[in-house]
Amino acid sequence: MSDYGIDIALIQETFLKPNRPRACTIAGYVQLRTDRTHASRGGTALYYSRSLHCCPIDIPPLINMEATGCRLAMTGHRTLVIVSVYLPSPKPLHRRDLKALLALGDAVILFGDFNCKNPRWGCPVLDYNGDKLDRLQDRLEFEIIAPSTATHFPHNVTHRPSTIDIALTKGVALNLNQIETLHKLTSDHRPVLLKMGPPDGGRPNPTCKITDWKRVSTALEKIDTPPLNSIPDNIRTTDEIDSAIGALTSHIRTVVEKCEREVPASSDRRKFPPDILELIRAKNKALRRASAYPTPEYRSRARALQREVKTRVQEFRNECWSDLMEEIRPSHKAFWSVTKALKTEGYTSIPPLKRLDGSTALDNAEVAECLADSIETQCSHVSPPHDPAHISRIEEEVLQKTSLEPRDDLTPVSLSEVQLLVRSLKTRKAPGLDGISNKAIKCFPQQLLSLLVAIFNACLQNCYFPPVWKEAEVIGIHKPGKPRDLPASYRPISLLSGLSKLYERVLKTRLSDHLLGKGLIIDEQFGFRPAHSCPQQVLRVVEYISEGFKNKQKTVAVFLM
Numbered sequence: 004m005s006d007y008g009i010d011i012a013l014i015q016e017t018f019l020k021p022n023r024p025r026a027c028t029i030a031g032y033v034q035l036r037t038d039r040t041h042a043s044r045g046g047t048a049l050y051y052s053r054s055l056h057c058c059p060i061d062i063p064p065l066i067n068m069e070a071t072g073c074r075l076a077m078t079g080h081r082t083l084v085i086v087s088v089y090l091p092s093p094k095p096l097h098r099r100d101l102k103a104l105l106a107l108g109d110a111v112i113l114f115g116d117f118n119c120k121n122p123r124w125g126c127p128v129l130d131y132n133g134d135k136l137d138r139l140q141d142r143l144e145f146e147i148i149a150p151s152t153a154t155h156f157p158h159n160v161t162h163r164p165s166t167i168d169i170a171l172t173k174g175v176a177l178n179l180n181q182i183e184t185l186h187k188l189t190s191d192h193r194p195v196l197l198k199m200g201p202p203d204g205g206r207p208n209p210t211c212k213i214t215d216w217k218r219v220s221t222a223l224e225k226i227d228t229p230p231l232n233s234i235p236d237n238i239r240t241t242d243e244i245d246s247a248i249g250a251l252t253s254h255i256r257t258v259v260e261k262c263e264r265e266v267p268a269s270s271d272r273r274k275f276p277p278d279i280l281e282l283i284r285a286k287n288k289a290l291r292r293a294s295a296y297p298t299p300e301y302r303s304r305a306r307a308l309q310r311e312v313k314t315r316v317q318e319f320r321n322e323c324w325s326d327l328m329e330e331i332r333p334s335h336k337a338f339w340s341v342t343k344a345l346k347t348e349g350y351t352s353i354p355p356l357k358r359l360d361g362s363t364a365l366d367n368a369e370v371a372e373c374l375a376d377s378i379e380t381q382c383s384h385v386s387p388p389h390d391p392a393h394i395s396r397i398e399e400e401v402l403q404k405t406s407l408e409p410r411d412d413l414t415p416v417s418l419s420e421v422q423l424l425v426r427s428l429k430t431r432k433a434p435g436l437d438g439i440s441n442k443a444i445k446c447f448p449q450q451l452l453s454l455l456v457a458i459f460n461a462c463l464q465n466c467y468f469p470p471v472w473k474e475a476e477v478i479g480i481h482k483p484g485k486p487r488d489l490p491a492s493y494r495p496i497s498l499l500s501g502l503s504k505l506y507e508r509v510l511k512t513r514l515s516d517h518l519l520g521k522g523l524i525i526d527e528q529f530g531f532r533p534a535h536s537c538p539q540q541v542l543r544v545v546e547y548i549s550e551g552f553k554n555k556q557k558t559v560a561v562f563l564m
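This is the structure:
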């Protein structure tokens, strides 16, 4: 699966039974199964990568076919229905079965063992099912896709190979990039690899961007650019603040983009030593020979090499793990990554979510709206305020006080203060919607830092927090132990702009100095204060209650939710 980057695997003749629901699971994939309950053998299964936006679908009652399907949301293409199909031999092909499966969606792919032989798709003979499938193609408006080489190699060497593992597509606008038989297993049915890409071209090779940060630092020193020249020398109004932030953001993003280059993404596959690579080459050679000349000795040799490769790879992985455990220390670069990997479940993308009305949110836009609706519901009042008059009076008082001229002069922001804050930024933090990372902020020359100081001081003078710095990219983090398909099982995490975080720290410093300097915070307040931890407050409450027990007094506590 990992060798070929399989996104979805369709399996037929699984031989699985309902009494073993966790059999044949694969790490990183979701398993869907339709087990045969009325007789032995048979059964179909479908595995899809957890990174895909897939959800299972209900298969209608079928006469002879067995099937398992899922619905896949794709960017740039309508929702795709993919079905693993098995028609047992010698059962006849029924038009009703095909029609029911093709009606599952507007774009459908049926892929599997159809047991239909026809010279049109490479079979040596024509049988009843193959002739009927050929005639139904125009009536049901589907296309037949088959590899150029045989897919079924009977164990009886006197029987000729045939192509019975094929795909039927209807309403699919994807390009057929590749369909081929893989001679990688010793089963009588060889795996068939189907690659389909977007209509505008093939699937691009995975790439990543590398930024030359030294070049970024040099480029940012050139401040004679149209965006920066549009900023007034003296920023006074809120409109000028917003304009300056927009120009600064545009300038930084342009510079960083010019200093980026795309390179092929490195493979996560472990590099094997030469002896294992030689074994793998010998195994592949034996499989090809057994496929071309399926004699018992060639097949036996191929199976023996498969077992040897599997054993040697497992030994190599155990050796690597043992070596790492022997040399790892708290100072080792892999110490915390190993600790995190052992403690967490690993990254899993958000699956399709169930809405309150029972429907399913499948693609990215629907999932985002579903999460937004859930957060809005959780943050809304279940019942109206108990005292509307009191609420109105408080709102009027707050509005009146905020409209007054500020009486306390806040200390202006200095260049040295901003430089200290920038140096304390952590580089391994995700950027906000503006796309400016902390690494880019650390590359600011003194001229840009001075501009940032001017923007901060203008915000303080106008009692203004720019709206663009209030916008955040919200990501749902799964709550452990909660169902993954419910939107309420995700905790929202906001990714704010790095520039807005700098301004927040400027405000926090002045607010703390004002409150602590004038003694406006009571001693019982522990939240959001330095050197005041939660355990200390709990200990204080326990001591207070214990003292009441000694004096035969009762303690009453009020908890605000």
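Going by this note's numbering, the sequence shown opens with residue 4, and the numbers climb by one from there. We put the beta carbon where it would ideally sit given N, CA and C, even for glycine.
Residues near residue i by beta carbon distance below 8 Å, same chain, minus five either side
i: ILE14; result: THR47, ALA48, LEU49, TYR50, SER87
i: LEU345; result: none
i: LEU2; result: Residue 2 is absent from the model: the chain starts at 4 and stops at 564.
i: CYS537; result: PHE529
i: VAL568; result: In this structure the chain extends from 4 to 564, so residue 568 is not present and cannot be described.
Continuous beta strand (DSSP E) stretch holding residue i: start and end
i: GLU474; result: Unbroken run through GLU474: none, as it is neither H nor E.
i: HIS80; result: 80-89
i: GLU527; result: Counting along the chain, GLU527 falls outside any beta strand (DSSP E), and DSSP gives it neither H nor E.
i: GLN556; result: First-last for GLN556: undefined, no H or E at that position.
i: SER497; result: 493-498
i: PHE114; result: 110-116
i: PRO59; result: 57-59
6 Å Cβ shell around residue i - same chain, five flanking residues per side excluded
i: CYS126; result: LYS120, SER165, THR166
i: THR152; result: THR184
i: ALA30; result: none
i: LYS473; result: none
i: ARG304; result: ALA289
i: LEU107; result: VAL84
Which of helix, strand or coil DSSP assigns to residue i
i: SER151; result: coil
i: ILE279; result: helix
i: PRO230; result: helix
i: TYR51; result: strand
i: ARG99; result: helix
i: ARG23; result: coil
i: ARG239; result: coil
i: PRO333; result: coil
i: ALA42; result: coil
i: ILE14; result: strand
i: LYS357; result: strand
i: ALA106; result: coil
i: PRO448; result: coil
i: THR363; result: strand
Residue span of the alpha helix (DSSP H) that contains residue i, given as start and end
i: ARG36; result: No alpha helix (DSSP H) holds ARG36; the beta strand (DSSP E) holding it covers 32-37.
i: ASN178; result: Per DSSP, ASN178 belongs to no alpha helix (DSSP H); it is in the beta strand (DSSP E), 178-184.
i: ARG513; result: 501-520
i: PRO299; result: 299-330
i: ALA375; result: 367-381
Within 8 Å, strictly: CB atoms of residue i and residue j
i: ASP61; j: TYR89; result: no
i: ASP10; j: LEU83; result: no
i: ILE439; j: GLY501; result: yes
i: ALA293; j: THR189; result: yes
i: TYR493; j: LYS482; result: yes
i: PRO354; j: CYS58; result: yes
i: PRO565; j: VAL477; result: Any answer about residue 565 is impossible in this case: the structure gives the chain only from 4 up to 564.
i: LEU308; j: LYS286; result: yes
i: ILE238; j: ILE444; result: no
i: LEU282; j: GLU311; result: yes
i: ILE524; j: ARG532; result: yes
i: LEU374; j: LEU413; result: no
i: ALA268; j: THR210; result: yes
In DSSP terms, what residue i is bridged to
i: GLU146; result: THR172
i: HIS192; result: HIS155
i: PHE338; result: Answer by DSSP bridge pairing: none, since PHE338 is not bridged.
i: HIS481; result: TYR493
i: ILE213; result: ARG264
Contact set for residue i: own chain, Cβ-Cβ below 7 Å, skip 5 residues either direction
i: LYS442; result: TRP216, THR430
i: GLU144; result: LYS173
i: ILE147; result: TRP124, GLN140, ILE169, LEU171
i: LEU418; result: LEU452, SER453, VAL456
i: ARG332; result: PHE338
i: VAL509; result: VAL416, PHE459
i: VAL128; result: LYS120
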